[in-house]
Amino acid sequence: MYKIKLEQFEGPLDLLLFFIKRDELNIYDIPISKITKEFLEYVNLVKMLDLETAGDFILMASTLMHIKARMLLPREINEKGEEIDPRAELIAALLEYKKYKEMSEELLFFESNQRKINFRGNFKGDEKISPPEYEMLLKNISVYDLAKVFKKVIEGIKVEVIHEITRINVTIDEQIDYIFQRLNENRELHFLSLVENMKEKIRIVITFIALLELIKAGSIRVKESSNYNDFVLMRVNHG
Amino acid sequence: MDKIYNSVVEALIFSSEDPLSAYDIIKAVQGIDGEDIKIAPEEIEQCIEELNAVYNEQKFSFRIKKIANGFLFATRPEYAKYLGYLSSEKSKRRLSHAALETLAIVAYKQPITKPHIESIRGVNSDYILNTLLEKKLITISGRAETIGRPLLYATTDEFLKYFGLYKLSDLPKPREIEEIMKDEDFIEQKQKILMNLFEEAIDNQNIETNDNTTE
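Protein sequence lines, in the order shown, are assigned to chains A and B.
Residue numbers are given in the working numbering: position 97 of the first sequence equals residue 97, and the series is strictly consecutive.
Quick note: to get the working numbering, add 239 to the position in the second sequence (first position is 1).
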């Protein structure tokens with residue numbers, strides 16, 4: 001699947017401003033239902049393409065629908081007895097955003113001019129040999145730099161992993177004796193109850209191998225249990 | 240201030256890597272020639288104007304620029320093309336729209352918290368703020384005394400240098416902006432910028448094709 005990036009809009013407010021500019025709408029009197037419809041169409045598109053940014057757009061979509069619903073209800077009245085326009089907050093947010101968007105264009109203009117200017121450079125060769133005072137060394141260092149270095153150091157500490165191995169002494173012969181012992185107590189024995197009290201994995205494995213040995217030697221028989229995850233052991237009585 | 244100090248100021252600025260402030264210049268002069276020499280920062284500015292007038296008259300390729308609370312030698316814009324051909328400065332990428340937008344908000348509202356920035360932009364701004372911090376265009380200036388004590392962001396001297404500003408108050412006032420945007424001169428300048436971008440794109444393409452043919 002290929003992805004289309006919708007770069008032209010920096011966010012939901014940018015998109016709303018685009019609608020307002022394109023249709024030459026009055027920012028103080030936005031036709032909410034029309035703009036909500038168009039916004040939702042765009043959101044559906046974004047939702048398909050880029051889930052990460054969709055969240056911010058969906059939030060705005062729900063705000064728009066909330067305003068649309070409030071527009072249908074009788075207007076609320078503030079302390080001064082004036083009607084509250086449900087759109088007021090949105091308009092304020094749009095105007096605020098518009099202000100900074102315009103200022104960012106201004107910054108783009110400065111950036112472009114500044115790119116044409118080069119400062120005197122190539123100072124790398126004549127760094128002072130004697131270290132200046134500590135205050136000078138710290139001149140260009142902000143708390144952010146310190147925090148960054150700290151993070152790097154902390155993350156750089158390697159945790160030494162130590163594995164301890166204790167040998168568990170268990171043999172197949174021992175487990176064969178153990179199985180006979182258990183079978184002497186009960187005529188029939190469930191495998192799960194046989195291994196129930198074994199804490200180490202290796203002991204269970206050895207017990208199972210012992211079991212296979214006994215079956216091979218024809219000393220015990222195995223039958224299916226009503227529980228499919230288990231089986232039942234029985235001693236074969238010779239003679 | 241004696242005219243003889245013009246050359247001292249020139250030498251001091253010439254040997255400085257970062258913008259050299261009027262305060263530092265005065266400190267150097269007084270450190271050598273005695274505290275009783277009284278120089279006002281305005282006199283330094285006057286001196287720089289005189290120096291620049293000389294450079295202009297003699298058609299020098301550089302001049303002293305007032306930038307980031309100090310003074311720095313800088314080439315004239317006419318030579319940008321040639322310098323860019325050799326220097327890696329050119330390869331430094333432009334800021335994205337999102338970055339400029341965020342910077343504008345930080346610049347005018349500083350110190351400002353991340354939630355506040357995000358409420359103005361209407362979008363999550365984690366990534367952008369980290370990029371701007373990495374580029375040293377903004378810095379963390381402290382914590383707000385509100386619930387959760389969120390971090391406060393502010394612009395740096397690097398920000399002033401990047402945009403060619405002397406001090407923060409040189410930023411256009413928000414009210415001025417509407418006027419600037421309507422201004423014909425600005426529209427003309429804007430077209431020039433677009434042309435610049437266009438030419439640069441063509442230049443880059445040419446360089447790339449040249450590279451390909453030489454390979």
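Built from N, CA and C at the ideal position, the CB exists for glycine as well.
As the structure is a prediction and not an experimental result, all values here were calculated from the model.
A313 of chain B has a beta carbon lying within less than 8 Å of a beta carbon in chain A.
Distance between K374 of chain B and V143 of chain A, taken at the CA atoms: about 15 Å. Residue-level contact by beta carbon fails for Y28 of chain A and chain B, as no gap is shorter than 8 Å. Contact check for V362 of chain B against E160 of chain A fails: the beta carbons are separated by 8 Å or more.
V232 of chain A is bridged by DSSP to A:H190 and A:K223. One thing to note: F402 of chain B has its Cβ within 8 Å of the Cβ of L107 of chain A.
In the DSSP annotation of this structure, the continuous segment of the beta strand (DSSP E) that includes T378 of chain B starts and ends at I377 to R382. In the displayed model, L259 of chain B falls within a strand according to three-state DSSP.
DSSP places F119 of chain A within a strand segment (E or B) once states are collapsed to three. If you check the CB distance, N308 of chain B and K242 of chain B do not come in under 8 Å.
Note on geometry: alpha-carbon atoms of S364 of chain B and L342 of chain B lie some 11 Å from one another.
The straight-line gap separating the alpha-carbon atoms of S226 of chain A and A217 of chain A is approximately 26 Å. Between I344 of chain B and chain A, the shortest Cβ-Cβ separation is below 8 Å.
Beta bridge pairing from DSSP links F310 of chain B with B:L259 and B:K305. L194 of chain A places its beta carbon less than 8 Å from that of T207 of chain A. For the pair I283 of chain B and A261 of chain B, the CB atoms are nearer than the 8 Å cut-off.
About 6 Å separates the Cβ atoms of E83 of chain A and I77 of chain A, confirming a contact at the 8 Å cut-off. A residue is called buried when at least 16 other Cβ atoms come within 10 angstroms of its Cβ; N118 of chain A meets this threshold and is buried.
Contact between A338 of chain B and L371 of chain B holds, since their C-beta atoms are separated by about 6 Å, short of 8 Å. In the displayed model, A338 of chain B falls within a helix according to three-state DSSP.
Membership of Y42 of chain A in the alpha helix (DSSP H) is indicated by the continuous run I32 to L49.
Annotation for T394 of chain B: the continuous beta strand (DSSP E) segment containing it runs L390 to T394. Neighbours of P12 of chain A across chain B, judged by C-beta separation under 8 Å: G361 and V362. Residue-level contact by beta carbon fails for I58 of chain A and chain B, as no gap is shorter than 8 Å. Across the structure, F191 of chain A and E164 of chain A are spaced so that their CA atoms are roughly 30 Å apart.
A straight-line Cα-Cα distance of about 36 Å links Q269 of chain B and F110 of chain A. Taking C-beta atoms as the reference points, E439 of chain B and S104 of chain A fail to come closer than 8 Å. Residue environment analysis places K400 of chain B among the buried positions, since at least 16 neighbouring C-beta atoms fall within 10 angstroms of its C-beta. Nearest neighbour of L211 of chain A by Cα position, chosen from A:E200, A:L233, A:K201 and A:M198, turns out to be A:L233. Here R332 of chain B has no same chain residue with a Cβ atom under 7 Å from its own Cβ, once five neighbours each way along the sequence are excluded. Its Cα nearest to that of L259 of chain B, the residue B:K304 stands out among B:N369, B:K304, B:I351 and B:G381.
For F402 of chain B, the chain A residues whose Cβ falls inside 7 Å of its Cβ are L107, F110, E111 and Q114, in order along the chain.
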